[in-house]
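Quick note on our numbering: the sequence shown kicks off at 120 and runs consecutively. Remarks on the structure that follows.
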Amino acid sequence: MDLAFASIVFPRRDSETNALLLADSIRAFAGGLSESPLRFYTPGDGSGISEGLKDRLSGLGAVLVPFTIDDGLLGFPFMAHAFAAARAEEDAVGEAGVLSWLSPNTVVLGEPLGFLLGDGVSLGFRPVHHTLIGSLFGEPLDPFWSLIYELCGVPGERVFPMETHVDGATIRPYFNAGILVARPGRGLMRAWRDKYIEVYDEPALRGFYEGDGRYRVFVHQAVLSGVILSELDADEMVELPPSYNYPLHLHGEDETDGRPVAMEELVTMRHEGFYSDPRWFERMPAGDSLKRWLLERLAR
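Have a look at this one:
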């Protein structure tokens with residue numbers, strides 16, 4: 120089964136740093152999948168991306184792909200991610216049996232064999248880290264999620280319980296948009312983009328944004344969840360193990376039994392710019408070998 124990796128990069132120093140860490144880590148630690156095609160999508164014509172990033176991505180065999188998005192849409196939270204994921208899916212059709220869409224603040228630490236989806240499976244996923252605007256499974260569906268289900272046409276029988284990554288709450292399906300492993304031919308990313316464009320500015324949704332800013336920030340994942348539930352049956356999805364998409368920045372808040380002692384136990388981890396902390400080397404729960412590897416990449 121052929122696999123392709125894809126992510127997004129913006130013309131900002133932190134975004135470029137994250138993209139390079141992701142690309143370097145795939146090539147270094149993804150084992151038999153380390154030489155899989157890798158594309159980074161960037162909004163606009165790509166002229167704002169530094170020459171240093173372009174050179175290093177090229178040296179890693181990664182391709183930088185500009186894509187078009189209206190300026191008004193670009194300014195809405197994570198709209199560019201939906202556009203980039205949809206474009207990546209289009210590019211992967213006929214090239215790869217599986218597309219692994221990863222948020223750029225991801226570091227691959229082991230061979231992600233879970234990305235090799237089994238027969239009949241169209242999506243590998245991880246739940247969100249925290250409940251936040253999620254809907255607890257044992258409670259009535261709240262007005263926000265009722266609206267999402269209505270806008271996305273979610274059949275009630277497709278709703279199932281899942282457990283958040285860090286606070287261990289049992290919620291209705293709320294998928295993390297930072298790791299989506301999908302069969303390109305199913306068109307999930309394109310359906311997400313199209314639905315997000317269609318509904319993000321709905322007056323009823325704007326009311327939620329105005330009442331609590333978190334709805335505006337996380338509505339992209341709510342719409343994604345609605346689209347997935349409208350497109351797939353539960354038996355077409357597989358939940359990846361907790362060693363995938365683990366949030367380094369929430370390690371101290373992890374209340375679950377699966378809390379890792381060290382990052383080396385993980386397959387992929389997420390971060391929020393750990394390198395901005397001057398004391399990250401001593402604070403990161405990882406061995407010196409991994410931390411030195413990260414330090415060397417950050418120093419380039």
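A virtual CB, placed ideally from N, CA and C, is assigned to each residue, including glycine.
Taking the beta carbon of residue i as the centre, do at least 16 other beta carbons fall within 10 Å, making it buried, or is it exposed?
{"i": "Val247", "result": "buried"}
{"i": "Glu350", "result": "buried"}
{"i": "Val380", "result": "exposed"}
{"i": "Gly345", "result": "buried"}
{"i": "Ala138", "result": "buried"}
{"i": "Pro259", "result": "exposed"}
{"i": "Thr187", "result": "exposed"}
{"i": "Asp143", "result": "buried"}
{"i": "Asp210", "result": "buried"}
{"i": "Glu135", "result": "buried"}
{"i": "Ser414", "result": "Inspection of the sequence shows that residue 414 is occupied by Leu rather than by Ser. Answer is exposed; the Cβ neighbour count stays below 16."}
{"i": "Leu141", "result": "buried"}
{"i": "Arg402", "result": "exposed"}
{"i": "Val212", "result": "exposed"}
{"i": "Ser395", "result": "exposed"}
{"i": "Ala204", "result": "buried"}
{"i": "Arg312", "result": "buried"}
{"i": "Pro223", "result": "buried"}
{"i": "Leu242", "result": "buried"}
{"i": "Gly392", "result": "exposed"}
{"i": "Gly253", "result": "buried"}
{"i": "Leu343", "result": "buried"}
{"i": "Gly233", "result": "buried"}
{"i": "Ala296", "result": "buried"}
{"i": "Ala341", "result": "buried"}
{"i": "Ala323", "result": "exposed"}
{"i": "Ser126", "result": "buried"}
{"i": "Glu353", "result": "The sequence shown places Ala at residue 353, rather than the Glu named in the question. Ala353 comes out exposed."}
State the CB to CB distance for the pair residue i and residue j, rounded to an integer number of angstroms; the pair is presumed to be in contact (CB under 8 Å).
{"i": "Arg158", "j": "Ala207", "result": "6 Å"}
{"i": "Leu183", "j": "Thr161", "result": "6 Å"}
{"i": "Leu221", "j": "Ile298", "result": "6 Å"}
{"i": "Val441", "j": "Phe148", "result": "As shown, the chain starts at 120 and ends at 419. That puts residue 441 outside it, with no answer to give."}
{"i": "Trp264", "j": "Arg291", "result": "7 Å"}
{"i": "Leu155", "j": "Phe197", "result": "Per the sequence presented here, residue 155 reads as Ser, with Leu not at that position. Between Phe197 and Ser155 the Cβ distance is about 25 Å, and since that is not below 8 Å, they are no contact."}
{"i": "Thr225", "j": "Arg389", "result": "6 Å"}
{"i": "Val285", "j": "Pro366", "result": "6 Å"}
{"i": "Glu230", "j": "Gly287", "result": "The Cβ separation is near 27 Å, so there is no contact."}
{"i": "Pro185", "j": "Gly165", "result": "4 Å"}
{"i": "Leu235", "j": "Leu417", "result": "Actually they do not touch by this definition, with Cβ atoms about 31 Å apart."}
{"i": "Thr289", "j": "Phe256", "result": "5 Å"}
{"i": "Leu179", "j": "Arg146", "result": "5 Å"}
{"i": "His370", "j": "Pro404", "result": "6 Å"}
{"i": "Leu348", "j": "Glu383", "result": "Not quite, the Cβ-Cβ distance comes to about 35 Å (not below 8 Å), so this is no contact."}
{"i": "Val318", "j": "Leu270", "result": "5 Å"}
Across which residues does DSSP place residue i in a beta bridge pair?
{"i": "Gly287", "result": "Bridge partners of Gly287: none, in fact."}
{"i": "Ser219", "result": "Phe124, Val300"}
{"i": "Arg305", "result": "In DSSP, Arg305 forms no bridge with anything."}
{"i": "Leu157", "result": "Phe124, Ala181"}
{"i": "Val226", "result": "Met388"}
{"i": "Met281", "result": "Ile290"}
{"i": "Phe186", "result": "Pro162"}
{"i": "Phe244", "result": "Leu299, Glu358"}
{"i": "Leu255", "result": "Ile290"}
{"i": "Tyr315", "result": "Paired residues: none, contrary to the question."}
{"i": "Tyr365", "result": "Met388"}
contact_flag[the segment 306-325, the segment 277-289] where n(CB pairs < 8 Å) is 3 or more: no
Segment contact flag, the segment 215-233 with the segment 324-336, C-beta cutoff 8 Å, min 3 pairs: no
Cβ contact check for the segment 353-363 and the segment 377-391: 3 or more pairs under 8 Å: Note that the segment 353-363 touches the segment 377-391; at least 3 beta-carbon pairs, one per stretch, sit closer than 8 Å.
Those runs of the alpha helix (DSSP H) which lie wholly inside the segment 370-411 and span at least 4 residues: 399-402
Ordered list of alpha helix (DSSP H) runs contained in the segment 317-357, each at least 4 residues: 322-330, 332-350
Meets three-Cβ-pair contact criterion under 8 Å: the segment 233-249 and the segment 314-329: A contact is defined here as three or more CB-CB pairs under 8 Å, and the segment 233-249 fails this definition with respect to the segment 314-329.
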